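Chemist: What follows is a structure written as structure tokens; I'll ask about it next.
In our numbering, the protein residues as written are 129 to 381.
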């Protein structure tokens with residue numbers, strides 16, 4: 129929103145902004161991580177089909193992942209996401225207090241129905257579904273839905289998060305911009321807040337990876353999208369925030 133008002137040259141990037149908040153003690157601490165992936169199972173583990181693949185339209189590559197959401201009572205619930213790798217739109221999601229495959233299928237069915245309606249087709253041939261090797265994605269019921277709809281199955285080769293970078297990115301955005309800033313007292317509250325955030329994310333939040341456009345708009349476009357970030361540079365360990373409270377730049381002495 130600030131970029132639209134003031135221009136790109138006057139607005140800090142997300143990482144610099146959160147670095148400033150963290151420096152000033154304005155960020156909530158992250159809870160201890162929980163594992164949501166169980167790769168120790170009997171089901172077939174599929175090959176990685178997306179090495180070097182860059183989609184040039186929506187519904188060419190979906191990425192799927194599961195992340196956990198803490199509840200104030202000490203319980204957790206799990207957010208199942210399917211994101212279009214071209215537009216970065218969340219095309220399917222579900223929230224539940226269990227890791228059962230049925231919930232994974234619920235998110236998948238949402239994505240499949242929307243894609244078929246958008247493309248006015250009964251098959252999604254040419255689409256790749258990429259995920260980790262968790263049992264929820266490898267099980268027969270889930271794979272059957274993919275193959276019945278002409279969707280190719282692709283999976284990560286190891287536990288390297290860069291193998292599913294788009295999925296990890298949306299997980300991080302939801303955690304930092306929504307979950308870590310909210311105390312969820314009930315499961316119902318978590319569902320309501322996360323539903324609002326996903327709508328905001330899809331329809332109103334600009335993304336650097338798609339030229340500061342919103343996913344809902346890009347979802348109906350084609351061709352390469354302009355990326356607004358520079359190549360990653362890793363500064364020295366004594367990286368600090370300038371003492372000027374109005375500055376959002378990070379410097380290395």
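Glycine included, C-beta positions come from ideal geometry on N, C-alpha and C.
Owing to the predicted nature of the structure, the values given are computational and were not obtained by experimental measurement.
1. Please state whether the Cβ-Cβ distance between residue 231 and residue 224 is less than 9 Å.
2. Excluding the five sequence neighbours on either side, which residues of its own chain have a C-beta within less than 8 Å of the C-beta of residue 282, listed in chain order?
3. Below 9 Å between beta carbons: does that hold for residue 194 and residue 208?
4. Quick one: residues in its chain with C-beta nearer than 7 Å to the C-beta of residue 306, no 5 flanking neighbours on either side, listed in chain order?
5. How is residue 334 classed by DSSP in three states: helix, strand or coil?
6. Can you tell me the Cα-Cα spacing of residue 347 and residue 253, whole angstroms?
7. Using 9 Å as the threshold, is the C-beta distance between residue 226 and residue 219 below it?
8. Among residues of its own chain, excluding the 5 on either side of residue 343, which ones have a beta-carbon nearer than 6 Å to its beta-carbon?
9. Go ahead and label residue 239 buried or exposed: buried means 16 or more other beta carbons lie within 10 angstroms of its beta carbon, across all protein chains shown.
10. Between 335, 304 and 272, which lies nearest to residue 171 when the distance is taken from Cα to Cα?
11. With H, G and I counted as helix, E and B as strand and the rest as coil, what does DSSP make of residue 350?
12. Can you give me the start and stop residues for the beta strand (DSSP E) that residue 220 sits inside?
13. Rounded to whole angstroms, how far is the Cβ of residue 353 from the Cβ of residue 185, which I believe are closer than 8 Å?
14. Considering only the alpha carbon of each residue, which of 309, 333, 355 and 345 lies closest to residue 197?
15. May I have the straight-line CA-CA distance separating residue 314 from residue 201, to the nearest angstrom?
16. Identify the continuous alpha helix (DSSP H) that holds residue 229 and give its terminal residues.
17. Return yes when the Cβ of residue 192 is within less than 9 Å of the Cβ of residue 269, no when it is not.
18. Rounded to the nearest angstrom, what separates residue 203 and residue 312 at their Cα positions?
19. One question on the structure: do residue 243 and residue 299 come within less than 9 Å of each other, judged by their Cβ atoms?
20. Which residue's Cα is closest to the Cα of residue 318: 277, 292, 206 and 335?
21. Using only the alpha-carbon positions, how far apart do residue 277 and residue 251 sit?
22. Where residue 189 and residue 213 are concerned, what is the direct C-alpha to C-alpha distance, given to the nearest angstrom?
23. Do you know whose CA, among 267, 241 and 335, lies nearest residue 297's CA?
24. Mind checking whether the beta-carbon of residue 227 lies closer than 8 Å to any heavy atom of the ligand SAH?
Modeler: On the basis of the supplied data:
1. Inclusion of residue 231 and residue 224 in the CB contact set at 9 Å is warranted, their separation being smaller than that value.
2. 174, 175, 176, 177, 178, 256, 257, 258 and 259
3. yes
4. 321, 322 and 325
5. coil
6. Roughly 18 Å separates the two Cα atoms.
7. no
8. Sequence-distant partners of residue 343 (beyond 5 residues in either direction) whose C-beta falls short of 6 Å from its own C-beta, in its chain, are 215, 216, 217 and 330.
9. buried
10. Nearest of 335, 304 and 272 to residue 171, Cα basis: 272.
11. strand
12. Residues 218-224.
13. Not quite, the Cβ-Cβ distance comes to about 11 Å (not below 8 Å), so this is no contact.
14. Of 309, 333, 355 and 345, the residue nearest in Cα terms is 309.
15. Taking C-alpha positions only, residue 314 is separated from residue 201 by approximately 8 Å.
16. 229-247
17. no
18. 10 Å
19. Not closer than 9 Å, so no.
20. 206
21. 5 Å
22. 6 Å
23. That would be 335, whose Cα lies nearest to the Cα of residue 297.
24. With respect to small molecules bound, the structure shown includes none, and the ligand SAH cannot be examined in it.
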